[in-house]
Structure formats: C-alpha cells, structure tokens
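For the sequence shown, the working numbering gives the first residue as -11, with consecutive numbering after it. From the three backbone atoms N, C-alpha and C, an ideal C-beta is built for every residue, glycine too. Bear in mind that the values here come from a model prediction, so they are computed numbers and not experimental data.
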Amino acid sequence: MLYVQHADQIPTETESLADVQRWLQQQTANLWPAALGSLNFRRSPCIRPHCRACRSGEKHPSYVLYCRQQGRRFSLYVPEELVPQVQRWLDNGRALQELLYQAAPRYVQALKRERDKASKKAED
C-alpha cells in the first residue's frame, strides 16, 4: 500500500512518536461510532405459500449487515430507518482503517528516529 502524506500532516522526517499519536487522535476524533462490515440490499422470498410478491418474482426487500466475529461471517437484519446511521458507522470504520494503515509506517519511522537519537547520545 502506498503511503500518501496530506498537506495538513506533520512532515514524517521530523515527527516523534508523540506527534504521530497526536496526529492519529486528531484524525480519528470525529470517526465515532465506527464499525466494519458491509451493508447490502437484498430481495428474498418469505415463508408464506401463496405470497403475491414472491410468486411475481418481486420478493421482499431488506437490508442486511454482514460482519465477521472470530473469523466467522454472520448477517444481521437492519431495519430501513436505521440504514443511514449504520452506513455512516461503516464509512467511519473504513476511514479509521485507512488511518491505521497510514499510522503504521509513521510510527515505525518515528521509532527508528528515536532509536538513532539514543544511539548517538550513547556514542557521545
């Protein structure tokens, strides 16, 4: 994955571990609540034997949230009135995940700089 630095971020050549932590906290402050998963619209048949919607092929519309727990996929019905809120959580979750991917190399670079500073002080 490519690391893209945005204009509002501290240059990575000089940032410390504390700088990275502050950056990540600032970036994530408005990303709550957050969730991972996918929200899908589906049409499914019901259990009624003579349902007009099912017989016509139209079926019944519903939204389903697909998630993983302990490596296993599961689904959860989402009422239509809750769809915008759940979608916002999922958008926040993807944004948070992207920030965590960006944070990893920044943390490692800052850690290496601190290690190098410590070794130079030890040499002096």
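For the set T2, V8, S4, Y51, the Cα lying nearest the Cα of L87 is the one of V8. Excluding sequence positions up to five before and after L99, its CB lies within less than 8 Å of the CB of L5, all in the same chain and listed in chain order. The Cβ atoms of S63 and Y54 sit closer than 7 Å to each other. By a beta-carbon distance limit of 8 Å, V71 does not contact L24. Their separation comes to about 17 Å. One Cα belongs to K108, the other to E3, and the distance between them is close to 18 Å. In the structure shown, the three-state DSSP call for R36 is coil. Burial state of R94 is buried, judged by a 10 Å Cβ sphere holding 16 or more other Cβ atoms. A direct Cα-Cα distance of roughly 28 Å separates R61 from N18. Annotated three-state conformation of N18 is coil, per DSSP. Per the C-alpha coordinates, the member of H48, K105, Q73 positioned closest to W20 is Q73.
The continuous stretches of alpha helix (DSSP H) do not include Q58, and DSSP gives it neither H nor E. Sequence-distant Cβ neighbours of L84 in its own chain, meaning closer than 8 Å and more than five residues away, are T16, L19, A22.
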